[in-house]
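This report refers to the structure that appears directly beneath it.
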Amino acid sequence: MSGTPSDMHISEKDQALLEVLEKRTISCFDLLPHDDMREKLVDLVLHGSPAGITTEAATLFGELRERLISTRVDDAKVVVFGGGTGLSNIIGGDSRQKNWSDKPFEGLKKLFPRTKAVVCVTDDGGSTGELLKDLPIFGLGDIRHVLVSSIQRRLLEARYNLSAGQSLALVKDISTIFNHRFTARPESAESLLQNCYVDLDRLPPEMIGSFGSYLDFCLKDEVCKSTLGRPHCLGNLLILSVIRMAVGDENLSGDRIEIDGSIGEAINGAISNIGELIGAGADAVLPCTPVPAQLRFRYSDGVEVSGEHKSSGAERGAAVAQVIVDFCGRPFVSEKVLDYIRAADVLIMAPGSLYSSIIPVMQVPGIAEAVRENSGALKLLIGNLWVQEGETDKAIVNPNRKFHVSDMIRAYEHNLSGGVDGLFDQILCLSMQDVPASVIQSYAVEGKNPIYLDRELIKSRGFV
26 MSGTPSDMHI SEKDQALLEV LEKRTISCFD LLPHDDMREK LVDLVLHGSP AGITTEAATL
86 FGELRERLIS TRVDDAKVVV FGGGTGLSNI IGGDSRQKNW SDKPFEGLKK LFPRTKAVVC
146 VTDDGGSTGE LLKDLPIFGL GDIRHVLVSS IQRRLLEARY NLSAGQSLAL VKDISTIFNH
206 RFTARPESAE SLLQNCYVDL DRLPPEMIGS FGSYLDFCLK DEVCKSTLGR PHCLGNLLIL
266 SVIRMAVGDE NLSGDRIEID GSIGEAINGA ISNIGELIGA GADAVLPCTP VPAQLRFRYS
326 DGVEVSGEHK SSGAERGAAV AQVIVDFCGR PFVSEKVLDY IRAADVLIMA PGSLYSSIIP
386 VMQVPGIAEA VRENSGALKL LIGNLWVQEG ETDKAIVNPN RKFHVSDMIR AYEHNLSGGV
446 DGLFDQILCL SMQDVPASVI QSYAVEGKNP IYLDRELIKS RGFV
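Numbering-wise (our numbering), the sequence shown opens with residue 26 and increments by one.
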């Protein structure tokens, strides 16, 4: 068929429509998926130029993509809130995984080396749970987990004058030591370290000397000794030892701990020191509060369960309605933590356990307020990819279905004074097409389901 629209035998209405279409100009960005420009740019960075476009457009897209990727953000100040697994995964990967040490320097810390992690302290399972049986201490397991994941290549190389290969070998040894678990009461610090099956001669003298002195102290200190008959993670003992050395006998005993400003800052300083020692950097990891605390879960049927570990295995037919943090005394928040939050360029709610990691951090007095005070930061909520049994497997608005992303927002509103106002204004969700098929398959075998992104409802709430 040939000829112009005016040559054809068509109605006036069709003629008018054809003329509109003929004059329409299509932007190159119309060729990228999604409606929002930010989503278009993210898609371009992740997947490259769209197929089937002109050579000129492909060249321009390629140039833009390279500029976006090469943009330096080294000086950006980032603060991330969360618990152990989700927080460590985005900062530098899960250091407990067997192959983590193959690529230990990836993640948020690579792009934003000034990242600070503010960690939930209500973990009461595993080695942390064993410590809590003997000592009035906050959860150390997630602190340990995030510390190792926060190790940066440049900091290791600068502190210990290492090559790239040496720093890679060292971070593997550090993760092995920190994640090593022992089940029998240790005879000496030397035997503890030797049982990690690490070549101790390969560690820098300052590091191995510090580890040895921390463990020597632990084996002699009456408070630390009281828990050595239980199975423990060696990294937790190292952190416990530096805290004990920092706060002194008069402030931490076997049956009580009183946290005020000076003790709280001493605890944060001790964690910062061990962070610098292993290459994570000063203040890279900070507890949301050093005051011991326990979670209490209230379900929609009125039943209450205390303890994070116990709630995860609770048999119940109702959704989580509310989570309450019961502090062992007046909660203390370091002014340094609040200053980091107020000065941040980017504030991120990490993925992870909604009710047992993120919301409890925001319930610590002063933290949510500091987030709201920072009106200039980019504030992101990273949506969970998978439904978590015991927390997001039942939606409170409809217990017969699992969580949608909008249910996460609703959970914040039900559990925090002031709701989500000023906490985050953008929500980042990973598309299932960006998840490797092998990962999806393995989760499916475990019976895990993705959280549904109800995009239009979220947009109607003013989020993008």
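Quick reminder that beta carbons are idealized off the backbone N, C-alpha and C, glycines included.
Nonlocal neighbours in the same chain, by C-beta distance under 7 Å from residue i, ignoring five residues either side
i           : result
residue 168 : 144, 264, 296, 310, 312
residue 157 : 149
residue 192 : 178, 181, 182
residue 488 : 450, 451, 452
residue 134 : 116, 117, 140, 175, 177
residue 214 : 237, 240, 241, 244
Residue from the options whose Cα sits closest to the Cα of residue i
i           : options            : result
residue 379 : 350, 89, 416       : 416
residue 302 : 82, 132, 181, 385  : 181
residue 375 : 96, 132, 60        : 132
residue 476 : 433, 397, 293, 52  : 433
residue 165 : 147, 178, 392      : 147
residue 286 : 314, 300, 304      : 314
residue 236 : 266, 60, 455, 446  : 266
residue 99  : 179, 51, 121       : 179
residue 103 : 399, 424, 127      : 399
residue 435 : 403, 370, 346      : 346
residue 223 : 391, 212, 194, 332 : 194
residue 211 : 251, 425, 447, 396 : 251
residue 126 : 220, 373, 85, 176  : 176
residue 138 : 161, 124, 174      : 174
residue 82  : 291, 262, 57       : 57
residue 305 : 402, 142, 106      : 142
residue 209 : 258, 407, 226      : 258
residue 220 : 202, 292, 66, 233  : 202
residue 353 : 105, 162, 123, 74  : 162
residue 507 : 408, 448, 226      : Outside the modelled stretch of the chain, which goes from 26 to 489, sits residue 507, for which no answer is possible.
residue 320 : 329, 351, 328, 93  : 351
residue 366 : 355, 386, 356      : 386
residue 446 : 218, 404, 92       : 404
8 Å Cβ cutoff, residue i in contact with chain B
i           : result
residue 222 : In the structure shown, chain B does not exist; there is a single protein chain.
Extent of the continuous alpha helix (DSSP H) run through residue i
i           : result
residue 138 : Unbroken run through residue 138: none, as it is neither H nor E.
residue 42  : 37-48
residue 221 : First-last for residue 221: undefined, no H or E at that position.
residue 124 : Element bounds for residue 124: n/a, residue is neither H nor E.
residue 177 : Taken as a continuous stretch (DSSP letters only), residue 177 belongs to no alpha helix (DSSP H), as it is neither H nor E.
residue 363 : 360-368
residue 186 : Careful: residue 186 lies outside any alpha helix (DSSP H) and carries neither H nor E.
residue 78  : It is not in any alpha helix (DSSP H) - residue 78 carries neither H nor E in the DSSP assignment.
residue 70  : 62-72
residue 249 : 247-250
residue 298 : 286-303
residue 397 : 392-398
residue 385 : 384-388
Residues near residue i by beta carbon distance below 6 Å, same chain, minus five either side
i           : result
residue 343 : 324, 325, 326
residue 170 : 109, 113
residue 418 : 412, 427
residue 111 : 375, 376, 377
residue 382 : 107, 108, 145
residue 318 : 147, 350, 352
residue 390 : 356
residue 86  : 74
residue 388 : 350
residue 255 : 155
Run of the beta strand (DSSP E) containing residue i, from where it starts to where it stops
i           : result
residue 312 : 310-312
residue 329 : 329-331
residue 103 : 103-107
residue 452 : 451-453
Bridge partner(s) assigned by DSSP for residue i
i           : result
residue 352 : 318
residue 374 : 106, 406
residue 257 : 207
residue 411 : 475
residue 347 : 323
residue 429 : 477
residue 142 : 105, 310
residue 420 : 423
Spatial neighbours of residue i in its chain, beta-carbon cut-off 8 Å, leaving aside the 5 residues before and after
i           : result
residue 491 : Outside the modelled stretch of the chain, which goes from 26 to 489, sits residue 491, for which no answer is possible.
residue 408 : 376, 430, 433, 452, 453, 454, 455, 476, 478
residue 443 : 393, 397
residue 90  : 69, 70, 73, 74
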